[in-house]
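> Provided herewith is a single structure, encoded as structure tokens, for subsequent inquiry.
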Amino acid sequence: MLDILSDWVKMFLAVLFCAGAIKLADDYLDCEVDEKRRYKNWAVRLGRGTMFYALISMLIASALHNAVSIGLFMGSYMVGMFQDLHNLFPSRLTGAQESVVAFILGGVLAGWTMMVFSLVFVFAVQLIDDCIDLRADELTGYRNLAYRFGVLESILAAACCLTLAWILDQAVFEPVFCGVALFYIINYYYQEVCA
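For the sequence shown, full-length UniProt numbering gives the first residue as 1, with consecutive numbering after it.
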């Protein structure tokens, strides 16, 4: 049935569902911190079902476009570890070691070009997001990448990463960029208007 959709549409929809899965998982993990910031969090609304909905969303994303979904998920996992590179996790690996495992798994499952594309694209998105969240993060004592590197430096690094992602795979860049942009608009609407 999915064969009636063009590859562009499959990638675009996969990005929406993958971004949803990543956002739900992140909100679930950050629920307590977000409540202190009075940040409108999806996990507060969905409660215990949050991780289940994240899994369903990731399953749909993978069914739509496996390589894009795996690459973006693993890239997000790695970028999420940047704050915890030296911490020891239940796997008995540090964040840096888990990131290496995630990169290798992503490369094997999604392809090496897709994995590098995803990592630099997600890093760009994280830098931009940190610039947007700088003031709110400072209020809770969280020192994000924009705080540590500077806003201008973060924006320039994000632009370089987006350019590199475009060079790596122009055919994938457009649907991924459009999917992430639409997801941010939907999420902003939820946070500012609906909640």
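Where is the CB? At the ideal position from N, CA and C, for every residue including glycine.
Going along the chain, which unbroken runs of the beta strand (DSSP E) with 3 or more residues stay wholly within the segment 38-104?
none
> Taking residue 114 as the reference, give the member of 65, 83, 19, 88 with the closest Cα.
Translated into the one-based positions of the sequence shown, residue 114 becomes position 114. The shortest Cα separation from residue 114 among 65, 83, 19, 88 belongs to 65.
> What separation, rounded to the nearest whole angstrom, lies between the Cα atoms of residue 75 and residue 119?
On the sequence shown, position 75 is the one that residue 75 refers to. On the sequence shown, position 119 is the one that residue 119 refers to. Roughly 4 angstroms separates the two Cα atoms.
> To the nearest angstrom, how far is it from the Cα of residue 29 to the Cα of residue 124?
Residue 29 sits at position 29 when you count from the first residue of the sequence shown. Residue 124 sits at position 124 when you count from the first residue of the sequence shown. Cα to Cα, residue 29 sits roughly 22 angstroms from residue 124.
> When you compare only the Cα positions, how much space is there between residue 116 and residue 165?
Position 116 of the sequence shown, counting from 1, holds the residue named residue 116. Position 165 of the sequence shown, counting from 1, holds the residue named residue 165. Spanning the two alpha carbons is a distance of roughly 8 angstroms.
> Please state whether the Cβ-Cβ distance between residue 15 and residue 176 is less than 9 angstroms.
Looking up residue 15 in the sequence shown gives position 15. Looking up residue 176 in the sequence shown gives position 176. Taking 9 angstroms as the Cβ cut-off, residue 15 and residue 176 qualify as a contacting pair.
> Output the distance between the C-alpha atoms of residue 62 and residue 71, rounded to the nearest integer angstrom.
Walking along the sequence shown from the start, residue 62 turns up at place 62. Walking along the sequence shown from the start, residue 71 turns up at place 71. The straight-line gap from Cα to Cα measures roughly 10 angstroms.
> Which of helix, strand or coil does DSSP assign to residue 5?
Along the sequence shown, read from residue 1 onward, the residue named residue 5 stands at position 5. Note: residue 5 maps to coil in three-state DSSP.
> Can you tell me whether residue 147 is helix, strand or coil according to DSSP?
Your numbering for residue 147 matches position 147 in the sequence shown. In this structure, residue 147 counts as helix in the three-state DSSP scheme.
> Quick check: the Cα distance between residue 31 and residue 154, rounded to an integer number of angstroms?
Here residue 31 is taken as the residue at index 31 of the sequence shown, counted from 1. Here residue 154 is taken as the residue at index 154 of the sequence shown, counted from 1. Their Cα atoms are separated by approximately 26 angstroms.
> Tell me where the alpha helix (DSSP H) around residue 170 begins and ends.
Mapped onto the sequence shown, residue 170 falls at position 170. Note, residue 170: alpha helix (DSSP H), 170-189.
> To the nearest angstrom, how far is it from the Cα of residue 220 to the Cα of residue 79?
The question about residue 220 has no answer here: the residues shown for the chain are numbered 1 through 195.
> Going by DSSP in three states, residue 111 sits in which element: helix, strand or coil?
Within the sequence shown, the letter at position 111 stands for residue 111. Here residue 111 sits in coil by DSSP.
> If you draw a straight line from the C-alpha of residue 13 to the C-alpha of residue 129, how long is it?
Taking the sequence shown and counting its residues from 1, the one referred to as residue 13 is at position 13. Taking the sequence shown and counting its residues from 1, the one referred to as residue 129 is at position 129. One C-alpha to the other measures close to 21 angstroms.
> Would you say residue 151 and residue 131 are within 9 angstroms of each other, going by their C-beta atoms?
Counting from 1 along the sequence shown, the entry for residue 151 is found at position 151. Counting from 1 along the sequence shown, the entry for residue 131 is found at position 131. Yes, the pair counts as a contact, with Cβ atoms nearer than the cut-off.
> Return helix, strand or coil for residue 129, following the three-state DSSP convention.
If you number the sequence shown from 1, residue 129 lands on position 129. Three-state result, residue 129: helix.
> Measuring alpha carbon to alpha carbon, tell me which residue in 50, 135, 171 is nearest residue 147.
By one-based count along the sequence shown, residue 147 stands at place 147. Of 50, 135, 171, the residue nearest in Cα terms is 135.
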